[in-house]
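Working notes for the structure below.
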Amino acid sequence: MELCLINAQCSSLITYITPRNIRSNSVDRMVKTQRESWPMKKIALLGKGKTGSKVLEFGSQDITVFDSKNPPELEILKKHDVIISFLPGGSFKKYIPLLLESKIPVVTGSTGFEWPKDLNKKLKENNLTWIKSSNFGLGMAIIKSILPLIGKCDSLFDDYALNLHEIHHVNKKDAPSGTALSWKDWIGLDVSITSERKGDEVGTHSLSLVTPFEEISIKHRALDRKIFAQGALWAAEKVMNEKLPFGLIDFQELILRRDLK
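Residues in the sequence shown are numbered from 21 upward in steps of one, following our numbering.
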């Protein structure tokens, strides 16, 4: 059995998952609607690297870019409605106190660092909502729904092996990737993870469950970084316009909320 999920410009091809097809242009329409529905919203973008630059491509809103040449300052941040960050984990963690002080909602795809243990408490105390994800591909929510089922293999098989291989571009510093660690967490079992860095690979994650008599494979491959930018913009729209709970929210859980419009 092989399950394969491929994203190309945030279109999704889903096999053996759901009877309802996801149309290839659905997310493009979503982003177009975002542009039309909140033209006056101001976005503070932290980092304009490989993924941050894609946010600039899609966002026709008022976007201010902050980077090493233009570091964020409190009074300037306060003039924005939402903060989107794709900074490296270490850089983002350094700015957490400043972002908290700004009292602005945050959407972040920064990985490769440990979240402060008291952050969720501080966010709730200040009536703030932050959305985080190691992978803003909308299809990743489907993966999160499936992987707990893979975690049941422990009660089904006496002899099995779980192996996860992730591939990213040569400049990605954290290994294993944040997405790979999320997959392991969603499965809830010990998983052997291997990492590979080559070329300009956007991101591929392949999981195999092998027993003496069968093999189950799950693969997610991102073909364009646009999927991460579009997902982050979708989350930004929700955090500004929906009544979301305060605290640190997982992006995939947000997608699966049935009460969102």
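We put the CB at the ideal spot given by N, CA and C, even for glycine.
Since this is a predicted model, take the numbers as computed values, not measurements.
7 Å Cβ shell around Ala252 - same chain, five flanking residues per side excluded: Cβ neighbours of Ala252 beyond the five flanking positions: Val75, Ile104, Val127, Gly129 and Phe156.
Which first and last residues belong to the beta strand (DSSP E) in which Val20 is found? The structure shown does not extend to residue 20, since the chain spans only 21 to 281, so no value can be given for it.
Specify the secondary structure class of Val190 as computed by DSSP and reduced to three states. In the structure shown, Val190 adopts coil according to DSSP, grouped into three states.
Measuring alpha carbon to alpha carbon, tell me which residue in Ser153, Leu158 and Gly208 is nearest Ser175. Closest by alpha carbon: Gly208.
Leu143 by DSSP, collapsed to three states: which one? Three-state DSSP puts Leu143 in a helix.
Note the first and the last residue of the continuous alpha helix (DSSP H) segment covering Asp174. Segment Cys173 to Leu176, the alpha helix (DSSP H) holding Asp174.
Residues in the same chain with beta-carbon distance under 6 Å from Ala161, minus the five sequence neighbours each way, listed in chain order, please. Cβ neighbours of Ala161 beyond the five flanking positions: Gln272, Ile275 and Leu276.
I need the DSSP call for Glu234, collapsed to helix, strand or coil. Three-state result, Glu234: coil.
Under DSSP, the alpha helix (DSSP H) around Trp254 begins and ends at which residues? Per DSSP, the unbroken alpha helix (DSSP H) holding Trp254 starts and ends at Lys246 to Asn261.
Here's the rule: buried if 16 or more other CB atoms are within 10 angstroms of the residue's CB, otherwise exposed. What is Val190? It counts as exposed.
From Leu158 to Leu243, what distance separates their C-alpha atoms? Taking the straight line joining both Cα atoms gives about 13 Å.
Compute the Euclidean distance between the alpha carbons of Pro265 and Ser111, then round it to the nearest angstrom. If you take the alpha carbons of Pro265 and Ser111, they lie about 26 Å apart.
Look at the alpha carbon of Pro136 and the alpha carbon of Asp210, and state the distance between them as a whole number of angstroms. Between the C-alpha atoms of Pro136 and Asp210 there is a straight-line separation of about 24 Å.
Is any heavy atom in the ligand ZN found nearer than 6 Å to the beta carbon of Ser154? In terms of ligand content, the structure shown is empty, and the ligand ZN therefore cannot be addressed.
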